[in-house]
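Beneath this line is the structure, given in structure tokens, with notes to follow.
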Amino acid sequence: MIRLLEIGLLFFLLFVLQNKLYARLWRLHLSVSVMFTRDHIYQGEWGELVEVIENRKRLPLAMLKVKFKTDRHLLFGDRKGSRTTDQFYRNDVFRVGSREKVTRTLKFQGGRRGYYTIDQVNLVASDLFFSHQMTAEQHVQARLYVYPRPYESQEMRLSLIWLNGEVLSRRHLLEDPFEYRGIREYQPYDDMRSINWKATAKTGAFKVNQKNYTALKSVRIFLNVQDDGILKKEDCVEMSLRIAVGLGFFFLKQGIQVSCHGNGVDLLTGKPLSIALRAGDGQADAICRGLARLDLTRPALPFGELFEEMLFTQDTGTVTCFVAPNPYEDFVTLVEKYQDTGKAFTWFYPVSGRENPPLPPKLEKQIRLIHFDAS
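Number 330 in our numbering belongs to position 300 of the sequence shown; there are no gaps in the numbering.
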């Protein structure tokens with residue numbers, strides 16, 4: 031009987047000791063990280079999220095729960111231990127031995143374009159007998175862009191071929207101030223700053239430097255995401271972003287400079303989209319990131335107030351593309367005003383289904399309808 035009491039007392043002392051030991055030391059030399067393996071994927075692509083738990087002490091962790099939440103539009107393939115409401119809540123259970131590192135990879139699909147973050151994980155651990163739980167929070171910094179997928183269709187390809195012809199046929203030849211191809215006689219329309227005074231002194235007649243010409247080819251994209259009607263056209267607005275990406279990629283691949291501007295609000299900066307004119311692969315990435323961060327739950331900013339001045343004063347040597355799913359009166363009036371200047375432009379108009387909407391008569395020839403199946 032005494033022997034049993036001694037064993038019971040010893041067990042009780044061990045139980046209390048390990049309980050106090052875990053309560054004090056379970057977070058010591060324990061690191062937990064959650065990260066995306068890539069900083070971006072395209073809508074519809076699969077990505078990976080990696081959880082790494084490293085226990086660099088001798089004390090094992092019989093049970094460690096790692097909990098975090100992220101947006102429900104990241105569609106995880108393994109949904110065990112998770113639930114989805116307005117957010118996606120993940121609860122993964124690990125058993126981590128002494129001085130052990132455990133890595134788990136979760137596959138997910140980018141269901142919708144956007145900018146996704148995981149900023150915090152909640153940790154729950156227990157002692158050896160699962161009698162007591164300890165909790166902690168840890169800051170993490172996992173960031174992922176889901177880019178809009180460039181829209182492709184036969185209708186879109188034909189529109190791009192037509193637009194490309196417009197860019198090539200309407201390109202402007204501009205004087206290059208850094209290259210000269212000789213000297214000629216002064217003409218009344220010449221700028222006085224172009225006079226070559228040495229040649230003038232030698233010949234006794236005004237001579238001017240004759241400059242070479244350079245072909246400037248550029249495209250600028252104006253995106254109007256205004257959608258404040260009674261019947262929302264969310265699918266058409268999202269398609270507008272995909273069309274904008276498709277336009278950008280098409281011309282950037284040809285070495286043409288592209289800029290992109292829109293009246294949607296950036297969820298990080300609170301400012302409207304504005305990607306300055308550039309060429310190259312980096313510009314494609316900049317456009318995609320800007321479009322991914324647009325917060326379409328917030329009202330669009332007034333298009334004319336933002337871009338009217340830019341539209342009419344910064345169009346030398348460029349072709350303009352409008353992308354808009356709604357023919358609001360103020361927008362149509364602005365585009366008609368731009369048309370009256372004789373500048374080259376095209377309006378890409380996404381339409382859900384095969385039925386053609388009524389178009390502004392004055393702009394009809396410059397509008398390219400892009401039909402798509404919303405389902």
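The beta carbon of each residue, even a glycine, is placed where N, CA and C say it ideally should be. Nothing here was measured: the structure is a model prediction, and the numbers come from that model.
At a Cβ-Cβ threshold of 8 Å, VAL381 and ILE400 count as neighbours. By the Cβ test, the segment 63 to 74 is not in contact with the segment 85 to 92, since fewer than three Cβ pairs between them sit closer than 8 Å.
If the five residues before and after GLN313 are omitted, its C-beta is found closer than 7 Å to the C-beta atoms of LEU282 and VAL288, all from its own chain and listed in chain order.
Counting along the chain, TRP227 sits inside the alpha helix (DSSP H) bounded by residues 227 to 233.
By the Cβ-count criterion, GLN163 is exposed, with fewer than 16 other Cβ atoms from all chains shown falling within 10 Å of its own Cβ. It is roughly 20 Å from the alpha-carbon of PRO357 to the alpha-carbon of MET186. Take SER63, set aside five residues on each side of it, and the residues of its chain with a beta-carbon closer than 6 Å to its own are VAL82, in chain order.
CA-to-CA, the gap between GLU78 and PHE66 works out to about 6 Å.
Residue pairing by DSSP puts VAL132 in a beta bridge opposite ILE83. Taking ALA316 as reference, the option from ARG384, PRO178, HIS103 and LEU190 with the minimal CA-CA separation is PRO178. Remark: C-beta atoms of LEU261 and GLY294 do not approach each other more closely than 8 Å. DSSP places ASN254 in the coil class of the three-state scheme, outside both helix and strand.
With fewer than 16 other Cβ atoms inside 10 Å of its own Cβ, ARG125 counts as exposed. Counting only the Cα atoms, VAL170 lies some 54 Å from GLY372. In this structure, the beta-carbon distance from PHE375 to PHE352 falls below 8 Å.
Here the C-alpha atom of SER270 lies approximately 8 Å from the C-alpha atom of TYR379.
Nearest Cα to GLY107 within the set VAL123, GLN139 and ARG134: GLN139.
Each of VAL267, CYS290 and GLU268 was checked against the Cα of GLY278, and the nearest Cα belongs to CYS290.
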